[in-house]
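Undergrad: According to numbering that gives the first Met the number 0, the sequence shown holds residues 0 to 237 in order. Beta carbons are placed, not taken as given, at the ideal position from N, Cα and C, and that holds for glycine.
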Amino acid sequence: MLTHFSPQRLAPLALACSLLVAPFALPAWAQEQRSRLLTVTGTGVEMIPTTITRVRLAVEVRGEDAAVVQREVARQTAQVIALLRSQGVERLQTTGLSLQPRYESRQNQNEPRLVGYIGSNSVAFRIASDAAGDLIDRAVGTGVTRIDGVEFLATDAAIEAAKAEALRQATANARAEAAIVLQSLGLREQEITGIRINHGGGDFSPRMQANTMAFEAADAIVGGDQTVRASVTLEIRY
Numbered sequence: 000m001l002t003h004f005s006p007q008r009l010a011p012l013a014l015a016c017s018l019l020v021a022p023f024a025l026p027a028w029a030q031e032q033r034s035r036l037l038t039v040t041g042t043g044v045e046m047i048p049t050t051i052t053r054v055r056l057a058v059e060v061r062g063e064d065a066a067v068v069q070r071e072v073a074r075q076t077a078q079v080i081a082l083l084r085s086q087g088v089e090r091l092q093t094t095g096l097s098l099q100p101r102y103e104s105r106q107n108q109n110e111p112r113l114v115g116y117i118g119s120n121s122v123a124f125r126i127a128s129d130a131a132g133d134l135i136d137r138a139v140g141t142g143v144t145r146i147d148g149v150e151f152l153a154t155d156a157a158i159e160a161a162k163a164e165a166l167r168q169a170t171a172n173a174r175a176e177a178a179i180v181l182q183s184l185g186l187r188e189q190e191i192t193g194i195r196i197n198h199g200g201g202d203f204s205p206r207m208q209a210n211t212m213a214f215e216a217a218d219a220i221v222g223g224d225q226t227v228r229a230s231v232t233l234e235i236r237y
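1) R74: which of R174, G142 and L166 sits nearest, CA to CA?
2) Does L83 come out as helix, strand or coil in the three-state DSSP assignment?
3) Could you tell me whether the region 179–191 touches the region 109–127, using the rule of 3 or more Cβ pairs below 8 Å?
4) For S97, which of helix, strand or coil comes out of DSSP?
5) Have a look at I220 and V39 and give me their C-alpha separation to the nearest angstrom.
6) Could you pull the start and end residues of the alpha helix (DSSP H) that L113 belongs to?
7) In three-state DSSP terms, what is A24?
8) Work out the CA separation of A130 and N107 for me, nearest whole Å.
9) My assumption, with CB atoms under 8 Å, is that G41 sits in contact with A161. Please give the rounded CB distance.
10) Classify E45: buried if its beta carbon has 16 or more other beta carbons within 10 angstroms, exposed otherwise.
11) Can you tell me where the alpha helix (DSSP H) with L56 in it begins and where it stops?
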């Protein structure tokens with residue numbers, strides 16, 4: 000027995016079949032598009048001078064009476080802070096404050112003997128590198144007894160400008176590499192489908208550790224360069 004279908008009855012059936020086939024066809028199309036992607040990574044490097052010096056100084060006092068030690072620490076620290084503020088230093092802050100007992104070991108005794116106290120107050124600040132050495136020398140004359148470290152930095156504005164330039168270099172580098180590869184293969188770039196940015200940070204100039212006072216700071220403060228890096232990864236459809 001033959002069954003006849005009219006065109007009006009066949010139309011819904013054809014639509015249903017197309018809906019069933021479409022989900023299976025889409026992954027194949029997407030896979031083909033994905034297979035025609037070129038991934039390239041470009042890098043950018045920018046060198047900038049370190050014109051700012053971050054200095055960490057401390058006042059340390061020893062004595063037999065805890066209250067006397069603490070008062071002397073406060074007095075000397077106040078003198079140092081007054082000097083630093085008069086010179087217009089930036090980001091001045093207290094980084095440490097301590098008062099600890101000092102013991103001395105005794106022969107044939109199990110317990111050490113209390114002989115006094117050690118008090119200290121540490122501060123940190125930033126100043127232009129060309130003025131750092133002279134200010135450290137003056138701070139030592141005012142009451143500083145310990146230099147905990149010196150760190151060389153670039154200004155925030157210089158770092159941001161260097162980041163932008165490193166990104167431009169990285170982007171241009173990635174585009175240039177992609178163009179070379181595609182031209183060598185006789186292919187053409189269609190569009191950029193993905194972008195990933197990585198700020199590589201910066202390599203700072205080495206820190207100077209100076210825990211003794213046996214040097215002239217004005218002759219020892221010499222800054223260096225800071226390296227800012229960035230990378231850009233592009234996904235290019237061809």
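TA: The relevant details are as follows:
1) In the sequence shown, counting from the first residue as 1, residue 74 sits at position 75. Closest option to R74, Cα to Cα, is G142.
2) Within the sequence shown, the letter at position 84 stands for residue 83. L83 carries a helical assignment under DSSP once its states are collapsed to helix, strand and coil.
3) Taking a contact to require three or more Cβ pairs closer than 8 Å, the region 179–191 and the region 109–127 do not qualify as touching.
4) As a position in the sequence shown, residue 97 is number 98, starting the count at 1. In the structure shown, the three-state DSSP call for S97 is strand.
5) Residue 220 sits at position 221 when you count from the first residue of the sequence shown. Residue 39 sits at position 40 when you count from the first residue of the sequence shown. Rounded to whole angstroms, I220 to V39 spans 42 Å at the Cα level.
6) For the purposes of this step, residue 113 is identified with residue 114 of the sequence shown, where counting begins at 1. Taken as a continuous stretch (DSSP letters only), L113 belongs to no alpha helix (DSSP H), being part of the beta strand (DSSP E) at R112 to A127.
7) Taking the sequence shown and counting its residues from 1, the one referred to as residue 24 is at position 25. At A24 the pLDDT is 48, less than 50, meaning the model places this residue with poor confidence and gives no usable figure here.
8) By one-based count along the sequence shown, residue 107 stands at place 108. By one-based count along the sequence shown, residue 130 stands at place 131. Between the C-alpha atoms of N107 and A130 there is a straight-line separation of about 54 Å.
9) Along the sequence shown, one-based indexing puts residue 41 at 42. Along the sequence shown, one-based indexing puts residue 161 at 162. G41 to A161, Cβ: 16 Å. No contact.
10) Within the sequence shown, numbered from 1, the residue matching residue 45 stands at position 46. Residue environment: E45 is assigned as buried (16 or more neighbouring CB atoms within 10 Å of its CB, all protein chains considered).
11) Position 57 of the sequence shown, counted from the start, is the residue given in the question as residue 56. Not the alpha helix (DSSP H): L56 falls in the beta strand (DSSP E), residues I51 to G62.
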